[in-house]
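> Below is one structure. I have some questions about it.
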Amino acid sequence: MKLRPGEPARPARPREAVTPSCGPKLTCLAGWTVMCCAALGGAAGASGEFHVKFYSFAAPQTLADALSVQFRIQSPGGGPSSYAAELLAESRQQNLTARYSSGRNFFQVQARRQSDPILNNSTLSGTLSYSYSPALAPTGLAMSSFSTYYSYSASQSPTQSVQVHSGGLNFGVRFSDTLSGSVNGSVFLVDIKAGTSSSTQRSATLSGSLNYRKDATTVSASPSVSLADGKASWNVGVNARTAPRSDLTLSANANASSSSPPTASAEVQYDASALLGTGTPKGKLSVGSAISVSSAAYTVSGRVRTTVNPNLSLGGSVAFTPTTSDVTYTADASGKLGAAYLSANTSLGTRPGTAPAFSVGASVSSQAAPLYGSLFVGYRRQDPNQSGNASGTFGYRSGKLDVSSTVALNATQSASSPSAGQTGTTPGAWQISGFADLTAAYAVGEKYDVSGSLRYEAGSGPQAPARLRYGVGLRYRF
């Protein structure tokens with residue numbers, strides 16, 4: 000089972016208490032041996048699963064491409080410390096996520112590797128992070144938070160290789176009950192090699208924030224200074240928000256930088272629920288308007304939102320830029336259906352003399368049984384180009400049945416060059432990358448499941464066309 004950033008944990012399957020005795024020994028290809036016993040935390044009440052799948056394969060794939068191993072473990076709740084780990088191992092991709100917390104300390108490791116032997120390219124990325132949340136005195140000067148991270152990514156192809164190192168520190172400070180701030184520092188190192196030539200790029204950024212909050216008024220300032228390739232740049236942003244009445248909110252922000260003209264905006268939001276009749280609860284209807292100004296143009300907008308019922312909210316907005324005659328329309332809906340949270344949004348942008356830009360997106364998520372996970376689907380079109388994507392993991396678990404889908408697909412269609420003697424552009428062929436997997440598991444014992452899978456894998460070239468693969472597997476739960 001694979002977790003993605005922001006994905007909620009799957010609810011645990013009801014099971015009997017785990018005894019300290021060791022579980023069965025599972026031996027995979029390549030001689031790997033896993034003992035599901037007290038060493039994995041079974042004696043301490045940890046839970047998890049070990050899932051081995053075998054997929055169909057055809058040349059140029061090999062037997063190694065048929066094997067997929069997934070492992071998950073998490074500590075029991077309620078203790079002073081906790082841990083969790085997720086691992087996916089396949090011949091062309093490996094993912095690892097591990098986290099550990101103890102008291103006010105939190106550690107996390109993420110790593111990912113992908114390779115394509117047909118195209119002879121590979122990518123590797125990893126992040127190590129640590130954060131600390133100190134105990135705060137009731138009042139006075141104090142450090143409110145600390146975090147640090149290191150990140151590495153690399154890509155390699157027959158024509159070039161790229162390596163990126165980055166790291167940073169963050170300190171949060173509380174000066175008083177109304178005043179707080181933070182200081183951030185980060186550095187980047189990019190190394191690019193192509194053939195016999197190479198280049199190295201270095202940059203560093205120092206930023207901070209100062210925040211004031213009292214009653215319904217907040218004001219914040221966020222300056223930053225960057226140094227890249229011997230050249231310095233700066234940016235300053237200021238934001239303010241106040242609510243003079245319970246049904247009225249005013250906000251404004253301004254931004255100035257060394258690389259672009261200054262900008263400013265202001266917004267008014269009013270709770271108009273009272274217009275629907277006496278006794279209408281607040282939040283039933285809200286309206287707002289905004290204006291944003293830059294040296295080149297200004298944009299005015301208006302929006303409205305209504306809560307149809309506790310499980311459904313609808314909203315819409317219109318924005319207009321007189322200088323270019325740009326008009327943008329947006330609409331969104333969000334709500335809850337049973338244990339699932341649903342949301343959808345769409346936008347349409349128009350400008351005289353250009354094709355309209357249309358986009359739509361929808362998502363579903365749940366953290367309550369029998370559903371788990373999150374899934375997003377999006378589509379964008381501006382003739383002659385269009386694109387779509389789907390990502391996430393979503394599943395259903397009830398009784399002995401567990402059905403899950405994992406999707407990571409991207410599709411693009413761009414204009415192709417006109418043929419000789421023709422004018423204009425024509426839509427090119429769709430380019431699809433990624434995969435989609437549907438797995439159904441059924442419990443055949445107290446701790447064992449059998450599974451069947453259907454996987455679609457996009458092609459990576461003429462020698463590796465798109466494939467539809469079938470798989471069977473065995474899962475052990477502890």
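Using numbering that gives the first Met the number 0, the letters of the sequence shown correspond one by one to residues 0 to 477.
Using N, Cα and C, we set each Cβ at its ideal position, and we do this for glycine too.
On a predicted model such as this, the values are computed, not experimentally measured, just so you know.
1) Please determine, among TYR455, GLY236, SER272 and ALA242, the residue with the shortest C-alpha to C-alpha distance to SER257.
2) What number of angstroms, rounded off, separates the C-alpha of ALA330 from the C-alpha of GLY352?
3) I'd like to confirm the pairing. Which residues does DSSP put opposite LYS213 in its beta bridges?
4) The beta strand (DSSP E) that contains LYS446, what's its start and end?
5) Are SER293 and PRO260 close, meaning C-beta to C-beta below 7 Å?
6) DSSP three-state call for LEU188: helix, strand or coil?
7) Determine the direct distance from the alpha carbon of PHE319 to that of SER288, and round the result to whole angstroms.
8) Can a CB atom of chain C be found closer than 7 Å to the CB of PRO383?
9) Taking the C-alpha atoms as reference points, what is the distance between PHE499 and GLN93?
10) Please classify SER197 as buried or exposed, where buried requires at least 16 other C-beta atoms within 10 Å of its C-beta.
11) Where SER208 and SER179 are concerned, what is the direct C-alpha to C-alpha distance, given to the nearest angstrom?
12) If you run the structure through DSSP and keep just helix, strand and coil, what is ALA273?
13) Among SER397, PRO157, ASP401 and PRO383, whose alpha-carbon lies nearest the alpha-carbon of SER413?
14) Mind reading off the beta-carbon distance from ALA339 to SER365? Whole number of angstroms is fine, and I expect it under 8 Å.
15) Can you tell me the Cα-Cα spacing of SER67 and GLN107, whole angstroms?
16) If you run the structure through DSSP and keep just helix, strand and coil, what is ASP325?
17) Taking 7 Å as the cut-off, decide whether the C-beta atoms of SER74 and ALA45 are in contact.
18) Run the CB neighbour count on SER373, radius 10 Å, all protein chains shown included, and call it buried at 16 or more, exposed below.
19) Which word fits ARG244, buried or exposed, when buried means at least 16 other C-beta atoms lie within 10 angstroms of its C-beta?
20) State the DSSP-derived secondary structure class of ALA83, mapped to helix, strand or coil.
21) Leaving out five residues before and five after TYR441 in sequence, what residues of the same chain have Cβ atoms less than 8 Å from its Cβ?
22) With 16 other CB atoms within 10 Å as the buried threshold, where does ASP436 fall?
23) Quick check: the Cα distance between VAL286 and SER362, rounded to an integer number of angstroms?
24) Thinking TYR151 and HIS164 are a contact (beta carbons under 8 Å), I'd like their distance in whole angstroms, please.
25) What's the gap between the Cα of VAL376 and the Cα of GLY470?
26) Please classify GLU445: is it buried, with 16 or more other beta-carbons within 10 angstroms of its beta-carbon, or exposed?
27) Using three-state DSSP, classify ASP64 as helix, strand or coil.
28) In whole angstroms, what separates the C-alpha of SER185 from that of LEU467?
29) In the DSSP assignment, the beta strand (DSSP E) including TRP233 goes from what residue to what residue?
30) Which class does ALA58 belong to by DSSP, given the choice of helix, strand or coil?
31) Only counting the same chain, and skipping five residues up and downstream in sequence, which positions put a Cβ closer than 8 Å to that of SER146?
32) What's the call for GLY77, buried or exposed, on a 16-neighbour Cβ count within 10 Å?
33) For PHE170, report the span of its beta strand (DSSP E) as first-last.
34) For GLN381, report the span of its beta strand (DSSP E) as first-last.
35) Just to check my reading of the structure: VAL326 and GLY314 have Cβ atoms closer than 8 Å, yes? What is that Cβ distance to the nearest angstrom?
36) For the beta strand (DSSP E) holding THR147, just list the boundary residues, first then last.
From the atom records:
1) Its Cα nearest to that of SER257, the residue GLY236 stands out among TYR455, GLY236, SER272 and ALA242.
2) 24 Å
3) Bridge partners of LYS213 according to DSSP: THR216.
4) Per DSSP, LYS446 belongs to no beta strand (DSSP E) and is neither H nor E.
5) yes
6) In the structure shown, LEU188 falls within a strand segment according to DSSP collapsed to helix, strand and coil.
7) 12 Å
8) Note that chain C does not occur in the displayed structure, where there is just one protein chain.
9) Nothing about residue 499 can be reported from this structure: the residues present for the chain run from 0 to 477 only.
10) exposed
11) 8 Å
12) helix
13) When the alpha-carbon of SER413 is set against those of SER397, PRO157, ASP401 and PRO383, the nearest one is in PRO383.
14) 5 Å
15) 24 Å
16) strand
17) yes
18) buried
19) exposed
20) Look at ALA83 here: in three-state DSSP terms it is strand.
21) LYS399, LEU400, ASP401, ASP448, VAL449 and SER450
22) buried
23) 25 Å
24) Distance from TYR151 to HIS164 at the Cβ level is roughly 6 Å; contact confirmed, criterion being Cβ atoms closer than 8 Å.
25) 25 Å
26) exposed
27) helix
28) 44 Å
29) 230-244
30) coil
31) SER128, TYR129, SER130, TYR131, LEU168 and ASN169
32) Counting other Cβ atoms within 10 Å of its Cβ, GLY77 stays below 16 and is therefore classed as exposed.
33) 160-173
34) 370-381
35) The pair is not a contact, with the Cβ atoms about 18 Å apart (cut-off 8 Å).
36) 141-155
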